[in-house]
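Trainee: I have a structure here, written as structure tokens, and I will follow up with some questions on it.
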Amino acid sequence: GNSVTQMEGPVTLSEEAFLTINCTYTATGYPSLFWYVQYPGEGLQLLLKATKADDKGSNKGFEATYRKETTSFHLEKGSVQVSDSAVYFCAYRSNDYKLSFGAGTTVTVRA
Amino acid sequence: GAVVSQHPSRVICKSGTSVKIECRSLDFQATTMFWYRQFPKQSLMLMATSNEGSKATYEQGVEKDKFLINHASLTLSTLTVTSAHPEDSSFYICSARQFNEQFFGPGTRLTVL
């Protein structure tokens, strides 16, 4: 069946470090792919998305490229800040607009 | 724009009682809303799809008689946890669909004693 697998955390980094969170998916067809972020005490927010192969989503210094050949949508940021500490969820959307989420990766950035 | 609210944010109830959670789209109309459940340190699991004016569609393994969903207007969906038990304690999150995106509420923490 369809599923999303993302890198397990927690991940702890120092400020200005490079962040990568791996995400791979198994799905029929060509789903849209998303990264959501959940800051402490808040609801999920859309961070970025890509709707077709080779699309690159970007926002707040984060990037992810929809790689059909490797069925991946890895999240990257070149220089993280303390304010990036949050839980990050990879997700795909099927044709019926339902979202399926990965397990979430907790990221802690230390000053 | 695209703000979704949930009420209450936290609720504690006794075992056997029913609890209603409201999900509202504040600045847009949503014909479709979704209800999720999130266990500690785990992902969101879709419980059901709520469609305005029609019956909700439940995911496999979700008891429809346990989790009653009503989507009576284009801006409001409610989830009622009936005869709640401690195992129903969880974080319940709703989202509302606008065009091709889902906008999420802040969640409701339910604790059943």
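Protein chains in written order, with my numbering: chain H, 102 to 212; chain G, 378 to 490.
All C-beta atoms in this analysis are idealised placements derived from N, C-alpha and C, irrespective of residue type, glycine included.
1) Keeping to the same chain, check which residues put their C-beta closer than 8 Å to that of GLY393(G); ignore five residues upstream and five downstream.
2) Counting pairs of Cβ atoms below 8 Å between the region 111-123 of chain H and the region 171-191 of chain H, do you hit three or more?
3) Give the range of the beta strand (DSSP E) segment to which LEU423(G) is assigned.
4) Answer yes or no: does any C-beta atom of chain H fall closer than 8 Å to that of ARG387(G)?
5) Alpha carbon to alpha carbon, how far is ILE389(G) from GLU464(G)?
6) Going by other Cβ atoms of all chains shown within 10 Å of its Cβ, with 16 needed for buried, is THR442(G) buried or exposed?
7) Please compile the residues from chain G whose C-beta is within a distance smaller than 7 Å of the C-beta of PHE202(H).
8) Would you call ASP185(H) buried or exposed, if buried means 16 or more other Cβ atoms sit within 10 Å of its Cβ?
9) With DSSP as the reference, label GLU109(H) as helix, strand or coil.
10) Residues in the region 436-452 of chain G with C-beta within 8 Å of chain H's C-beta atoms, listed in sequence order?
11) Going by the DSSP bridge assignment, what does LEU145(H) pair with across the sheet?
12) For GLY430(G), would you say it is in contact with chain H, using Cβ-to-Cβ distances shorter than 8 Å as the test?
13) Output the distance between the C-alpha atoms of TRP412(G) and TYR189(H), rounded to the nearest integer angstrom.
14) Within the continuous beta strand (DSSP E) that includes HIS462(G), where are the two ends?
15) Verify the CB distance criterion: does GLN356(G) have a CB-CB separation below 8 Å to chain H?
16) Is the region 392-410 of chain G touching the region 149-164 of chain H in the sense that three or more CB pairs, one from each, lie closer than 8 Å?
Mentor: Looking at the coordinates:
1) Cβ within range, chain order: SER460, ALA461, HIS462.
2) Yes, the region 111-123 of chain H is in contact with the region 171-191 of chain H.
3) That run of the beta strand (DSSP E) goes 421-428.
4) By this cut-off, ARG387(G) is not an interface position.
5) Roughly 13 Å separates the two Cα atoms.
6) Per the sequence shown, residue 442(G) should be read as Asp rather than Thr. Here ASP442(G) is exposed. Its C-beta has fewer than 16 other C-beta atoms within 10 Å.
7) Near PHE202(H) (Cβ distances below 7 Å), the residues of chain G are SER420, LEU421.
8) With 16 or more other Cβ atoms within 10 Å, it is buried.
9) Of the three classes helix, strand and coil, the one that applies to GLU109(H) here is coil, per DSSP.
10) From the region 436-452 of chain G, no residue has a Cβ closer than 8 Å to chain H.
11) When beta bridges are read from the DSSP output, LEU145(H) appears opposite GLN139(H).
12) Not one chain H Cβ lies under 8 Å of GLY430(G).
13) Near 19 Å, if we compare the C-alpha coordinates of TYR189(H) and TRP412(G).
14) Note, HIS462(G): premise wrong, no beta strand (DSSP E); not H, not E.
15) Any answer about residue 356(G) is impossible in this case: the structure gives chain G only from 378 up to 490.
16) Proximity of the region 149-164 of chain H to the region 392-410 of chain G falls short of the contact definition, fewer than three beta-carbon pairs being nearer than 8 Å.
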